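Protein chains in written order, with our numbering: chain A, 1 to 225; chain B, 1 to 91.
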Amino acid sequence: MIIVTGGSSGLGKAVSEDLRQRGEDVVTISRRNQPEGNAHFSCDITNYQSLKEVYLHLSKSGSKISALINCAGIASMNLAITTPPSVTESVINTNLIGTIFSNQIFAPMLIKNKGGRIINFSTIAVHIGLKGESVYVASKAGVEGFSRVLAKELAPFNITVNCIAPGPIKTNLLKGISDDQITKIVSNQTISKIMQPSAITEMVSLLLREESRNITGEVINVGGV
Amino acid sequence: MLSHEELIHVIKDVLEEDIDINPQSSLIGGSSSIDSMGLVQICLALEERSQSEGFSFDWTSEKAMSSLNSIFKSAETLTIEYNRQLMEHKK
């Protein structure tokens, strides 16, 4: 079974749907309710206790987890000094603290399995220092740092931890970003084109493969920087 | 209830080693022969046991991580904390 946080929208939805199409058993976690039929927990990842309850439910039911993919995230385009405190808190809470909570809570399930994969999501904006995304970049830079250390801590258990850092992908996260801005961001990529969600789902699939067992502690900038 | 002997058995079983350990042995710190990864595995084993007893052993509390009163100070303190949570659950 593979856990995908933020699995009901955007990249998380694309990732969970792709994995299901590949025959994987996927359970999604997000704040939204999910239509019946798919394994889903409605839960806010910034709420440690709620996430813990999901863990206990899965653990008690004897679910074996082979991978954890943390896609849940929010974005906010704003200059650093004009970002309202509530937005700063919300972005840091969801992107950084929520991701840390999810890793802390679900990694033990991978340890029990003596192996597995963790994929966290960053952004190419960390590497290029994108103007107007300071708080978002700060949250994702935190995710990268956390992932590098976690990779070392979990290596003895045959668990790899990596970050995928996409550039602009056509999802709701891009709402409010003009085409001009998107073009500028994309021009910083080595492959200067707007990627489709499939570029990310393929990268996820690659990292889940047995052949990727020695890739850990890395940040993979999709499209290159 | 978890006895000291049972906990020591769990520890040896998890670590797959016949280490020299008694109820007063430190589980963390320089004098411990258990590394942090071993400690995680012991906690998971206790969690598994707790679920068969109808509760879930919480080893991530502030108290667990406190350096002065850590539940990992010794095998004895870990046994006491496990049994405390068990009793709490039975209330």
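Every residue gets a Cβ at the ideal spot worked out from N, C-alpha and C, and that includes glycine. This one's a predicted model, so the numbers in the text were calculated from it and none came from an experiment.
DSSP-derived helix/strand/coil call for residue i
i, result
"A:A5", "At residue 5 of chain A the sequence reads Thr, which differs from the Ala that was named. Here A:T5 sits in strand by DSSP."
"A:V222", "coil"
"B:E69", "Contrary to the premise, residue 69 of chain B reads as Asn rather than Glu in this sequence. If DSSP states are grouped into helix, strand and coil, B:N69 belongs with coil."
"B:T79", "helix"
"A:T201", "helix"
"B:R84", "helix"
"A:F106", "helix"
"A:I92", "helix"
"B:L2", "coil"
"A:G217", "coil"
"B:G54", "coil"
"A:P84", "coil"
"A:Q21", "helix"
"A:G98", "helix"
"B:D18", "coil"
"A:G10", "helix"
"A:K114", "coil"
"A:N34", "The sequence given here has Gln at residue 34 of chain A, not Asn. A:Q34 falls in the coil class under three-state DSSP."
"B:K90", "helix"
"A:K52", "helix"
"A:K60", "helix"
"B:S74", "coil"
"A:S16", "helix"
"A:N212", "Going by the sequence as given, residue 212 of chain A is Ser instead of Asn. In the structure shown, A:S212 sits in a helix (DSSP, three-state: H, G or I)."
Opposing strand residues paired with residue i [DSSP bridges]
i, result
"A:I69", "A:V4, A:I119"
"A:F41", "A:I29"
"A:N78", "A:E133"
Status (buried if at least 16 other CB within 10 Å, exposed otherwise) for residue i
i, result
"B:H89", "exposed"
"A:I185", "buried"
"B:Q41", "buried"
"A:M109", "buried"
"A:H57", "exposed"
"A:M195", "buried"
"A:G7", "buried"
"B:D20", "exposed"
"A:S102", "buried"
"B:L78", "buried"
"A:N95", "buried"
"A:M203", "buried"
"A:V222", "buried"
"A:L206", "exposed"
"A:S139", "buried"
"A:S59", "buried"
"A:N70", "buried"
Residues near residue i in its chain [Cβ-Cβ closer than 6 Å; skip 5 each side]
i, result
"A:L68", "I3, F106, I118"
"A:G116", "S66, A67, L110, I159"
"A:E24", "I2"
"A:A151", "V161, T216, G217"
"A:S147", "N120, V161, C163"
"A:A165", "S122, T123, I124, V219, N221"
Cut-off 7 Å between Cβ atoms - residues of its own chain near residue i, not counting five sequence neighbours on either side
i, result
"A:G98", "I45, T46, A72"
"A:G224", "Q189, T190, I191"
"A:L79", "G132"
"A:A141", "V126"
"A:S16", "V4, G7, V26, T28"
"A:A155", "T216"
"A:S54", "According to the sequence as given, residue 54 of chain A is Val; it is not Ser. So the qualifying residues of the chain are I29, F41, C43."
"A:I177", "M77"
"A:S50", "C43, D44"
"A:N33", "S42"
"A:N113", "K64, I65, S66"
"B:N83", "M1, L2"
"B:S33", "I19"
"A:L208", "A67, R117"
"A:P168", "L174, I182, I185, V186, I194"
"B:K12", "D18, I19"
Residue i: contacting residues in chain D (beta-carbon distance under 7 Å)
i, result
"A:K60", "Note that chain D does not occur in the displayed structure, where the protein chains are A and B."
Any non-hydrogen atom of the ligand NAP closer than 8 Å to residue i Cβ
i, result
"A:H57", "Within the structure as shown, the ligand NAP is missing, as the structure has no ligands at all."
Cutoff 8 Å; reference residue i; Cβ partners in own chain excluding five residues on either side
i, result
"B:Q85", "S50, F55, F57, D58"
"A:I128", "I185, N188, V225"
"A:S9", "S30, R32, T171, N172"
"B:V10", "I42, A45, L46, R49"
"A:N93", "T46"
"B:S74", "P23, Q24, S25, S26, L27"
(message) Suppose only complete runs of 4+ residues qualify. What are the alpha helix (DSSP H) ranges in the segment 131-198 of chain A, listed by chain order?
(response) Segments of the alpha helix (DSSP H) lying fully in the segment 131-198 of chain A: 134-154, 179-187.
(request) Output the residue ranges of the alpha helix (DSSP H) runs that lie fully inside the segment 21-48 of chain B and measure 4 residues or longer, sorted by chain position. (result) The segment 21-48 of chain B contains no complete alpha helix (DSSP H) run of 4 or more residues.
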